[in-house]
Amino acid sequence: MKTLSRYIGREVFYATILIFVALLSLFAFFDLIHELGNVGKDGYPLGRALLFVGLSIPGHVYELVPTAALIGTLFAIAQLVANSEYTVMRTSGASLTQITYSIVRIGIPLAIATFLAGEFLAPPAERLAQQVRVQTQGQVNRIVAQQFESGFWFRQDVPVSTFVNIKSLVSDAGETKLLGVRMYEFDRDLRLKALRVADSGTFVTDGLWRLKNVQTTTLGPNGATVARDDQLDWETVLKPSILTVYQVAPEKLELPTLYDNIRVLGSNQQKTSRFEIALWNKLFYPAAVVVMMVLALPFAYFQRRTGGIGFRIFAGTILGLVFFLLGRLFAYVGVINDWPPLFSAAFPVFAFVVVAATMLWWLERR
Numbered sequence: 000m001k002t003l004s005r006y007i008g009r010e011v012f013y014a015t016i017l018i019f020v021a022l023l024s025l026f027a028f029f030d031l032i033h034e035l036g037n038v039g040k041d042g043y044p045l046g047r048a049l050l051f052v053g054l055s056i057p058g059h060v061y062e063l064v065p066t067a068a069l070i071g072t073l074f075a076i077a078q079l080v081a082n083s084e085y086t087v088m089r090t091s092g093a094s095l096t097q098i099t100y101s102i103v104r105i106g107i108p109l110a111i112a113t114f115l116a117g118e119f120l121a122p123p124a125e126r127l128a129q130q131v132r133v134q135t136q137g138q139v140n141r142i143v144a145q146q147f148e149s150g151f152w153f154r155q156d157v158p159v160s161t162f163v164n165i166k167s168l169v170s171d172a173g174e175t176k177l178l179g180v181r182m183y184e185f186d187r188d189l190r191l192k193a194l195r196v197a198d199s200g201t202f203v204t205d206g207l208w209r210l211k212n213v214q215t216t217t218l219g220p221n222g223a224t225v226a227r228d229d230q231l232d233w234e235t236v237l238k239p240s241i242l243t244v245y246q247v248a249p250e251k252l253e254l255p256t257l258y259d260n261i262r263v264l265g266s267n268q269q270k271t272s273r274f275e276i277a278l279w280n281k282l283f284y285p286a287a288v289v290v291m292m293v294l295a296l297p298f299a300y301f302q303r304r305t306g307g308i309g310f311r312i313f314a315g316t317i318l319g320l321v322f323f324l325l326g327r328l329f330a331y332v333g334v335i336n337d338w339p340p341l342f343s344a345a346f347p348v349f350a351f352v353v354v355a356a357t358m359l360w361w362l363e364r365r
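Written out as structure tokens, the structure reads:
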């Protein structure tokens with residue numbers, strides 16, 4: 000049985016890797032086509048477009064592994080059925096449980112690799128990709144930005160030399176809001192002359208933000224003075240379009256960053272459901288690799304007259320697309336309707352587990 004298990008696992012693994020490379024190349028090609036439309040605009044060179052595409056690949060690795068595992072397993076099983084090898088296995092005494100175990104043995108390492116890619120490769124690569132894009136956009140000579148654990152940092156030289164720290168950025172109902180704003184103003188000799196701290200800021204129009212609950216500490220020859228304002232208008236070249244470039248989608252953030260965002264938003268009485276759903280998705284998504292591979296097994300029972308390899312691959316693609324869309328649907332609907340984050344993240348995976356188990360049970364009884 001060990002020899003048979005290794006053989007099935009090897010066939011499934013090679014087919015999965017083949018499909019994965021094909022899908023990854025296809026998505027990278029689509030990204031390149033999209034970026035070529037921006038080449039030459041605002042000094043955006045071809046080299047940076049290629050670099051952006053390269054940095055986007057780790058994110059695609061995380062997204063594509065479940066679909067590649069499903070289609071690859073379908074392809075491998077279809078080959079075994081077409082060559083009558085699967086029939087020989089079953090008639091020789093190989094049980095459905097043993098064949099499923101052979102597939103799961105390959106799925107578990109792939110699931111672990113998916114989690115590691117989504118936790119340690121995709122988030123930093125996504126941040127670098129966004130920085131590569133923004134460095135050639137307008138205002139780059141007037142405003143410089145960088146994201147650290149402490150939040151977003153900006154340097155602005157107009158009208159005065161100012162360093163701005165923004166703890167978090169939230170987009171709610173089309174409104175861009177800043178949380179935890181600190182502004183350090185310096186004179187021409189780079190001496191700190193004022194510090195402004197605001198609880199939040201709302202975008203009003205180009206060149207204007209409205210800060211709320213502002214405390215201004217001014218340093219002068221006679222010492223420091225403190226002033227408080229319920230709201231204060233802040234004139235700046237900063238725009239939401241520039242800020243959002245640095246805001247990586249919650250689905251592409253690592254677990255510690257998601258937890259920090261949940262904590263910061265919660266302390267400011269902001270909705271955290273989107274980040275909570277993303278956090279639970281990070282935990283459940285790798286399990287989808289194993290679920291997709293097991294879901295492909297019932298297709299081995301299809302006779303050749305019901306469709307060949309092309310049909311199975313098409314069916315696998317549709318199933319993978321349904322899983323992807325179902326996950327996105329529940330994430331968005333869960334945010335809108337305030338569903339429990341755990342339910343919104345776990346239901347798509349659980350639903351496919353039930354479908355796979357039901358299909359295997361029904362087909363085995365036949």
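FYI, numbering that gives the first Met the number 0 numbers position 82 of the sequence shown as 81, with every residue one higher than the one before it.
In this text, a Cβ means the ideal position worked out from N, Cα and C, and glycines have one as well.
When you compare the CB positions of residue i and residue j, do they come within less than 8 Å of one another, or not?
i, j, result
"residue 75", "residue 14", "yes"
"residue 388", "residue 29", "In this structure the chain extends from 0 to 365, so residue 388 is not present and cannot be described."
"residue 72", "residue 20", "no"
"residue 250", "residue 277", "yes"
"residue 319", "residue 99", "no"
"residue 238", "residue 205", "yes"
"residue 285", "residue 68", "no"
"residue 323", "residue 351", "no"
Can you grab the Cα-Cα spacing for the pair residue i / residue j, in whole Å?
i, j, result
"residue 262", "residue 195", "23 Å"
"residue 331", "residue 314", "26 Å"
"residue 188", "residue 61", "48 Å"
"residue 169", "residue 183", "22 Å"
"residue 166", "residue 53", "29 Å"
"residue 335", "residue 9", "44 Å"
"residue 200", "residue 178", "7 Å"
"residue 216", "residue 265", "27 Å"
"residue 113", "residue 255", "17 Å"
"residue 151", "residue 207", "18 Å"
"residue 347", "residue 293", "15 Å"
"residue 83", "residue 91", "12 Å"
"residue 248", "residue 88", "46 Å"
"residue 31", "residue 127", "17 Å"
"residue 257", "residue 118", "11 Å"
"residue 328", "residue 33", "25 Å"
"residue 198", "residue 218", "21 Å"
Taking the alpha carbon of residue i as the point to measure from, which residue in the options has its own alpha carbon closest?
i, options, result
"residue 231", "218, 222, 239 and 210", "210"
"residue 298", "114, 220, 363 and 152", "363"
"residue 17", "184, 36 and 312", "312"
"residue 290", "321, 355 and 333", "355"
"residue 310", "322, 123, 295 and 323", "295"
"residue 361", "95, 82 and 222", "95"
"residue 55", "97, 106, 90 and 116", "116"
"residue 121", "359, 353, 284 and 252", "252"
"residue 234", "119, 202 and 323", "202"
"residue 220", "181, 207, 350 and 190", "190"
"residue 275", "236, 339, 324 and 217", "339"
"residue 2", "126, 215, 97 and 127", "97"
"residue 5", "178, 34, 254 and 105", "105"
"residue 236", "77, 44 and 159", "159"
"residue 317", "33, 45, 36 and 70", "70"
"residue 375", "123, 333 and 35", "This structure leaves residue 375 out entirely; the chain is present only between 0 and 365."
"residue 124", "33, 51, 103 and 89", "51"
Excluding five sequence neighbours on each side, which residues of the same chain lie with their C-beta closer than 7 Å to the C-beta of residue i?
i, result
"residue 186", "192"
"residue 130", "none"
"residue 337", "272"
"residue 149", "164"
"residue 107", "289"
Leaving out five residues before and five after residue i in sequence, what residues of the same chain have Cβ atoms less than 6 Å from its Cβ?
i, result
"residue 228", "213"
"residue 7", "101"
"residue 359", "297"
"residue 403", "A query on residue 403 cannot be resolved here, the shown segment of the chain reaching from 0 to 365 and no further."
Assign residue i to buried or exposed, taking buried as 16 or more other Cβ atoms, counted over all protein chains shown, within 10 Å of its Cβ.
i, result
"residue 344", "buried"
"residue 342", "exposed"
"residue 224", "exposed"
"residue 260", "buried"
"residue 24", "exposed"
"residue 272", "buried"
"residue 59", "buried"
"residue 57", "buried"
"residue 353", "exposed"
"residue 357", "exposed"
"residue 81", "exposed"
"residue 226", "exposed"
"residue 35", "exposed"
Once you ignore the five residues that flank residue i on each side, which residues in its own chain have a CB closer than 8 Å to its CB?
i, result
"residue 280", "250, 326, 330 and 344"
"residue 304", "Confidence at residue 304 is low in this model, with a pLDDT of 47, below 50, so its placement is unreliable and the value that follows should be read with caution. If we look at residue 304 and ignore the five residues flanking it on each side, it has no Cβ neighbours."
"residue 38", "44, 45 and 48"
"residue 283", "344, 345 and 348"
"residue 103", "289, 292 and 293"
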